[in-house]
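Below is one structure; the comments refer to it alone.
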Amino acid sequence: MRNFEIAGIFLKISELLEIKGESVFKVRAYKKAAESIASLKVELKDLVEMGYSLNEIEGIGYAIEGKIKEILTTGTCEFYERLKREIPEGLLEMLKIPGLGAKKVKTIYSELNIDSIEELEKAAKEKKLRSLKGFGVKTEQAVLKGIFMLKGSFGKILLSTAQYLTEELREFVKSSNLNIKMEFAGEIRRRVELIEKIIAIVACSENDKKEVVSVLLKFPRISKIIKVDEDKIEVFLDLGVLLEIRIVEEKSFFTSLFVNTGSEKHLAQLNKIAESQGLQIAEDLIIIKGENYYPNSEEEIYQKIGIPYIIPELREGRGEVEKALENDLPEVISLKDIKGDLHMHTDWSDGINTIEEMAKKAMDLGYEYIAITDHSKSLKIANGLSVERLKEQIYYIKNLNEKFNNFDILTGIEVDILSDEVLDFDDEVLKDLDIVVASIHTGFKQDREKLTRRILKAMENPYVKIIGHPTGRLLGKREGYEIDIDRIIEKALETKTALEINSSPDRLDLTDVYAKKAKEKGVKIVINTDAHESGALEDIKNGIFVARRAWLEKKDVLNTRSLKELLMELKKA
DNA sequence: GCCGTTTTCGGCCCGACTGTTTTCAGTCG
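Residues in the first sequence are numbered from 28 upward in steps of one, following the numbering used here.
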């Protein structure tokens, strides 16, 4: 069992204990253990095998170490199983609804005997929740809204999780010595933010098909088989997503890859052009003027259709076909273009690693610079920096910089945009920093006008260079706050403030659609990770995916510049 | 349940906001 799965069990234990009404400290201890395990760089399995004591790990004591060992040998632990028997698991689903915490979920369960989202939705529609003590009309509406959001992401997983599964499937294929060619198509190849179905295209000889199917069905992640025949496997995986494997002959590989990658709209547009050229494109066969045609690459297919090759991330039917016809496709940004990261946290606030460790990791990634942007003073839970500590940090970083050649650490802050439109630090403090990222962390529920005004006001500040995670969404967990993105884009342009694409896997904020809009208006973008530990600096790839889907080119993104150019192009105070 | 001692038990990030109340519990970051 992998760390993230073990962490998942401890997180569930902490939630079950919370619903049960256990001590908040015990609840917190399990949650902390889960977080600690999730951020480990080494697999617990290996540590145990090598005989290391797990007590060394922060947040793991005698009791939890025992449970980890039990989980590693049996796949679960008795304590967890007992809790699950005691408390229906449906209650954990209900916890995901914003506004419902452990206490309210418990009330719903004990008063109305409701233990599933479906029953809860029914009760809310029948206006039964508002009569419960501590509930009212607004809570009832919030529940319905939350369920609506949950349903939108039901059966979908984060792109990063889906990619993890594809890696596992690749490893499985490799270890099974299957002689096949495999590539992933569909949403995952287009880098869609939430994945409903993982599609794999597998090519093998006609004779091997039977054997290939029987081996693939042994992939340990399969939790339910939906449909199997010689050409297609459809299964449900244990992390909550569909996997479809299409098995084709070698010669049909690229046709199948092509047909299964583009969105419906993209393919429909291409088909229309193809037909006019005398091409018929079917599931795994292309016919040109009555003759079968088997391409050796996708590029060849586009060539036959008569337009330039379109990369998977653009195949959404958002105007890319028209641009291709005009030979005016964007030359989208790629990972190697990034020269630095301008939003990250350290152990000075709520990050795990030291400034030096973050810098070292950044150098390993080949960066030329980073900005340290810990939280500002009001964010107490994140150990936000006081003015004094910030000054101390600035002094510390300036000294540290003298040790480096060809690498710079910029001083900075992620300053809170407080509920009353005021920034958490005065200009007197901000003026001494290289990078000021302004973000909203509180008062999400204010109305659209108020939230928009908070961001607009922040952009008017001469020292604010970047707006961090502009919509505040958490994929599958929380809708973004209500903002008028058009006015924000307009103001960003006017004040020369950059908008962030936050690469954290569950944020991806700005979204591809908004980032494209911003680019079209000429607003500059920065792609940051918001890393809270050094390993998370690698999340930058997620932001690059978003940027590519948003048609961003190198020139649209400021942290592709050298430090000198970056400082020149960033808004000047 | 973890941690760190003042070594065996007491403390454990904290404050704002919201929707309920009619003075505050619950949720959230």
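Glycine included, each C-beta is placed from N, C-alpha and C at the ideal position.
Since we're looking at a predicted model, the values are computed, not measured.
* Taking buried to mean at least 16 other C-beta atoms within 10 Å of its own C-beta, is residue 469 buried or exposed? -> exposed
* To do: Determine, using beta carbons only, whether residue 503 and residue 529 come nearer to each other than 9 Å.
  => no
* Asked: Touching or not, the stretch 218-231 and the stretch 264-275, by the rule of three or more beta carbon pairs under 8 Å?
  -> yes
* Under 8 Å by Cβ, that's how I've got residue 133 and residue 99 pegged, so tell me the actual separation to the nearest angstrom. => About 32 Å; that fails the 8 Å criterion.
* Asked: What's the C-alpha gap between residue 194 and residue 211?
  -> 10 Å
* State buried or exposed for residue 561, treating a residue as buried only when at least 16 other CB atoms are found within 10 Å of its CB. => buried
* Asked: What residue range is occupied by the uninterrupted alpha helix (DSSP H) comprising residue 261?
  -> No alpha helix (DSSP H) holds residue 261; the beta strand (DSSP E) holding it covers 259-264.
* **Assigned exposure category for residue 546 - 16 Cβ within 10 Å defines buried** => buried
* Asked: Cβ of residue 601 within 9 Å of Cβ of residue 497?
  -> The shown model of the chain, from 28 to 600, leaves out residue 601, and the question about it has no answer.
* Output yes or no for whether 9 Å exceeds the beta carbon distance between residue 551 and residue 591. => no
* To do: Spatial neighbours of residue 388 within its chain, please: CB distance less than 6 Å, with the 5 preceding and 5 following residues excluded, ordered by chain position.
  => 561 and 564
* To do: Identify whether residue 28 lies in helix, strand or coil by the three-state DSSP scheme.
  => coil
* To do: Buried or exposed for residue 79, please, with buried defined as at least 16 other CB atoms from any protein chain shown within 10 angstroms of its CB.
  => exposed
* DSSP-derived helix/strand/coil call for residue 539 -> helix
* **Run of the beta strand (DSSP E) containing residue 464, from where it starts to where it stops** => 462-466
* Go ahead and pull the three-state DSSP assignment for residue 301. => helix
* Asked: Which full runs of the alpha helix (DSSP H) of 4+ residues lie inside the stretch 277-348, going along the chain?
  -> 280-286, 291-303 and 325-332
* Own chain partners of residue 136 with C-beta closer than 7 Å, once the 5 adjacent residues on each side are dropped -> 118 and 142
* To do: Taking 8 Å as the threshold, find out whether the stretch 408-418 comes into contact with the stretch 326-340 through three or more Cβ pairs.
  => no
* Asked: Just to confirm, are residue 510 and residue 479 a CB contact at a threshold of 9 Å?
  -> yes
* Contact check, residue 586 vs residue 365, beta carbons under 9 Å -> yes
* Asked: Considering only residues of the same chain and omitting the five flanking positions on each side of residue 38, which have a CB-CB separation below 6 Å?
  -> 61
* Asked: Rounded to the nearest angstrom, how far is the Cβ of residue 424 from that of residue 382, given a contact under 8 Å?
  -> 7 Å
* Please look up how many angstroms separate the CB atoms of residue 581 and residue 360, rounded, as I've assumed it's under 8 Å. => 5 Å
* For my contact list, residue 286 and residue 224 are in at a C-beta cut-off of 8 Å; report their separation, rounded to the angstrom. => With 8 Å as the limit, residue 286 and residue 224 do not qualify as a contact, their Cβ atoms being about 15 Å apart.
* What did DSSP end up calling residue 77 once you bin it into helix, strand or coil? -> coil
* Asked: With a CB to CB cut of under 7 Å and the five nearest residues on each side skipped, what residues in its chain are close to residue 176?
  -> 506
* To do: Under 8 Å by Cβ, that's how I've got residue 618 and residue 584 pegged, so tell me the actual separation to the nearest angstrom.
  => Nothing in the structure corresponds to residue 618, since the chain is present only between 28 and 600.
* Asked: Is residue 322 buried or exposed, if buried means 16 or more other CB atoms sit within 10 Å of its CB?
  -> buried
* Mind reading off the beta-carbon distance from residue 167 to residue 185? Whole number of angstroms is fine, and I expect it under 8 Å. => The pair is not a contact, with the Cβ atoms about 29 Å apart (cut-off 8 Å).
* Cβ pair count under 8 Å reaching 3, the stretch 346-354 against the stretch 366-382 -> no
* Does DSSP classify residue 445 as helix, strand or coil? -> coil
* Residue ranges of each alpha helix (DSSP H) run of no fewer than 4 residues wholly in the stretch 353-435, ordered along the chain? -> 382-391 and 414-428
* To do: Report all residues from its chain with a CB closer than 8 Å to the CB of residue 249; omit the five preceding and five following residues, and keep chain order.
  => 262, 263, 264, 265 and 270
* Pairing CB atoms from the stretch 121-130 with CB atoms from the stretch 92-111, are three or more of them under 8 Å? -> no
* Asked: Which runs of the beta strand (DSSP E) spanning at least 3 residues fall entirely within the stretch 204-254, listed in chain order?
  -> 208-212 and 224-230
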